[in-house]
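Okay, so here's the structure we're looking at.
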Amino acid sequence: MDQTINRRSGASRSPWAWIPTLYFAQGLPYVAVMTLSVIMYKRLGISNTDIALYTGWLYLPWVIKPLWSPFVDIISTKRRWVIAMQWVMAIGFAMIALTIPTDLFFRLTLAVFWMVAFTSATHDIAADGFYMLALTEHEQSFYVGIRSTFYRIASVAGQGLLVILAGWLETTTGSIPTAWSIAIGALSALFLLFALYHSWSLPRIERVAAEPEKIGNIWREFGRVFGAFFRKRHIGTALLFMLLYRLPEAQLVKLINPFLLDPTEAGGLGLSTAEVGIVYGTVGIIGLTLGGIAGGLVAAARGLRYWLRPMAWSMSLTCLTFVYLSFATAPSLLTVNICVFIEQFGYGFGFTAYMLYLIYFSEGEFSTAHYSLCTGFMALGMMLPGMAAGWIQETIGYRNFFIWTMVCCVATIAVTYLVKVDAGFGRKHQ
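By the numbering used here, the letter at position 69 of the sequence shown is numbered 202, and the numbering carries on one by one without gaps.
Structure, rendered in structure tokens:
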């Protein structure tokens, strides 16, 4: 859609004033919805079956995000969308904090997490769009590493520091509901600050309102984009790859934290909440980040086709660390940290191939829209297996569950033999 950009007051403000905080704010709610909710519900006594099933549904906003992203572009400005969504998330986290101590906390908090999930997905659309509108192409390239870094920092803050805080509060207050109410309340206060700060720091960018006939034609444009996507060559094998490449990890990610938290008599490792914040939320995120960096470096040197299968094996073999932990007798905290680091590093390394393939398959006339559709299928591939993971684990136990995830690795390897990739894609040319 054609847009006329006019930079007004605040446009000369340095991108350093808003890019770090904007992408920190983008990362936090996703972590809260996908990971923090799992740990919180586990500590509040919800079964693994219910945790995996109901938090798995929270992926849905990211699955269907491409369906409403054009309306964010049409209605109002992206700056207003960003600030409005931050206000809504501040209210949403406050509602979660207030309902945790109630008897109906599971239903009530899940309903609000749904609202936060849709709000977060909309915030993603607006923030990424604002980034592209407010910066030149050169500035976009320069700051892309900064935005990724602060998104990762948000992961450490949400999965690490906030969980550590909740664990400390569990000990000092003696009440798990109170501890998590305070921790989630801190998120609400943080988003209140984000909304106020970004009201000042985000450049004011005006655009001409969409003409009525363009709004009326949006569904026709949808049809063109969707039709072109499903007419792409090898669409069937591409969808299989998107849905099955992460089949083991989609199940594993829902049960890692419950496994770390469950007592040894239930087959878990019996870690405290604060220890989980260190192991998975800090050491694990560092491993994931380093694995992704390593994957990007080697893929740039030899290309996607060369590294596709080795990266799939990297994602698969490192899952063995949890098989080992489930059989080990009282493993030390150092051993647990090493195993989680190895698994997350392998996942980060292998995930590089997945993201590169999405970029490769999206090439063409509607590359941006098609990439958005690919990320929707990416979320669907995490959502569906993850929903069943808790029931599988409670039926067969942790040890057999982790062995099952190794069996699922066959799908990860198999789909790499089905997809076709040009030899030169992703490789640095001399």
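Note that CB positions come from ideal geometry on N, CA and C, so glycine has one too.
Check residue i in the structure and name its three-state DSSP category.
i	result
I128	Beyond the ends of the chain as shown, which are 134 and 563, falls residue 128; an answer cannot be given.
I492	helix
V554	coil
I338	strand
T462	coil
W446	helix
R146	coil
T451	coil
S308	coil
P396	coil
N139	Any answer about N139 is weak, because its pLDDT of 45 lies below 50 and its placement is not dependable; what the coordinates show is given next. DSSP places N139 in strand when its eight states are reduced to three.
A547	helix
I475	helix
G436	coil
M364	The residue you asked about is not Met; residue 364 is Arg in the sequence shown. Coil, per DSSP.
G160	helix
Y531	helix
G356	helix
F499	coil
Y174	helix
M134	Because the pLDDT of M134 is 39, which lies under 50, any placement of that residue in the model is unreliable, and the question is left without a value.
Y378	coil
W151	coil
I197	coil
My assumption, with CB atoms under 8 Å, is that residue i sits in contact with residue j. Please give the rounded CB distance.
i	j	result
S314	I233	5 Å
F455	L385	7 Å
D183	G523	7 Å
T90	L441	With the chain covering only 134 through 563, there is no way to say anything about residue 90.
R176	I389	Their Cβ separation, rounded to whole angstroms, is 15 Å, which puts R176 and I389 out of contact at 8 Å.
F362	L506	5 Å
L393	G400	At roughly 11 Å, the Cβ-Cβ gap does not stay under 8 Å, so L393 and G400 are not in contact.
G519	K365	Not really, about 27 Å apart at Cβ, beyond 8 Å.
F205	I229	Correcting the residue type first, residue 205 is Val in the shown sequence and not Phe. With a Cβ gap of about 24 Å, V205 and I229 do not count as contacting.
F478	L423	6 Å
N181	E527	5 Å
G420	F474	4 Å
M444	G189	Rounded, the Cβ-Cβ distance is 25 Å, inconsistent with contact.
V164	G291	3 Å
S379	G514	Sequence check: residue 379 is Arg here, not Ser. Right, the Cβ-Cβ distance comes to about 6 Å (below 8 Å), so this counts as a contact.
Q219	H367	Not really, about 40 Å apart at Cβ, beyond 8 Å.
A316	L325	That belief does not hold up - the Cβ atoms of A316 and L325 are roughly 16 Å apart, past 8 Å.
For the candidate residues the options, whose alpha-carbon lies nearest to that of residue i?
i	options	result
I258	L243, P194, A290 and L441	P194
V554	N533, L491, Y531 and L155	L491
T168	I207, G414 and E476	G414
R337	R146, T306, T188 and Y156	R146
L467	F494, G417 and Y480	G417
A427	Y480, G519 and V469	Y480
S495	T282, F558, T304 and A260	F558
R357	N470, M444, T462 and S500	S500
Y457	Q292, E527, L421 and N533	N533
I566	Y187, T255 and A165	Only positions 134 to 563 of the chain appear in the structure, and residue 566 is not among them; the question remains open.
P304	G189, H503 and T406	A small correction: the amino acid at residue 304 is Thr; Pro does not occupy that position in the sequence shown. Taking only the C-alpha atoms, the option nearest T304 is T406.
L335	L155, R353 and G293	L155
I525	T306, L325, P381 and Q292	P381
G436	M265, A556 and F359	A556
L200	P391, T545 and A502	A502
F327	S202, R212, I197 and G425	R212
S202	Y174, Y504, A521 and I546	Y504
A360	L231, E498, I536 and F535	Strictly speaking, residue 360 in this sequence is Gly, with Ala absent from that position. Closest by alpha carbon: E498.
V552	L294, Y439, T269 and W333	Y439
T545	Y264, F275 and M375	M375
I179	P391, G307, W537 and T397	P391
Fully enclosed by the stretch 398-422, which beta strand (DSSP E) runs are 3 residues long or longer?
You should have found no qualifying run.
Three or more C-beta pairs closer than 8 Å, one from the stretch 230-246 and one from the stretch 147-164: is that the case here?
In this structure the stretch 230-246 does not lie against the stretch 147-164, because fewer than three pairs of beta carbons, one per stretch, are closer than 8 Å.
Hey, is the stretch 399-414 in contact with the stretch 296-306, meaning 3+ C-beta pairs nearer than 8 Å?
With the cut-off at 8 Å, the stretch 399-414 and the stretch 296-306 touch.
Three-pair Cβ contact test at 8 Å for the stretch 532-541 versus the stretch 445-455
With a cut-off of 8 Å, the stretch 445-455 and the stretch 532-541 count as touching, because enough Cβ pairs lie within range.
Segments of 3+ residues assigned as beta strand (DSSP E) that fall wholly inside the stretch 206-278:
You should have found no qualifying run.
Per the contact definition of three or more C-beta pairs closer than 8 Å, is the stretch 280-290 in contact with the stretch 151-171?
Verdict: yes, contact present.
Would you be able to state if there are at least three C-beta pairs under 8 Å between the stretch 368-384 and the stretch 510-530?
The stretch 510-530, when compared against the stretch 368-384, does touch it at the 8 Å Cβ threshold.
Is there contact here, the stretch 245-261 with the stretch 180-195, by at least three beta-carbon pairs under 8 Å?
Under the 8 Å Cβ criterion, the stretch 245-261 counts as touching the stretch 180-195, having at least three qualifying pairs.
Inter-stretch contact at 8 Å, needing at least 3 Cβ pairs: the stretch 316-325 / the stretch 219-229
Three or more Cβ pairs drawn from the stretch 316-325 and the stretch 219-229 lie within less than 8 Å of each other, which places the two stretches in contact.
Take every Cβ of the stretch 428-439, pair it with every Cβ of the stretch 484-504, and state whether three or more of those distances are shorter than 8 Å.
Touching, yes, given that three or more Cβ pairs across the two stretches are closer than 8 Å.
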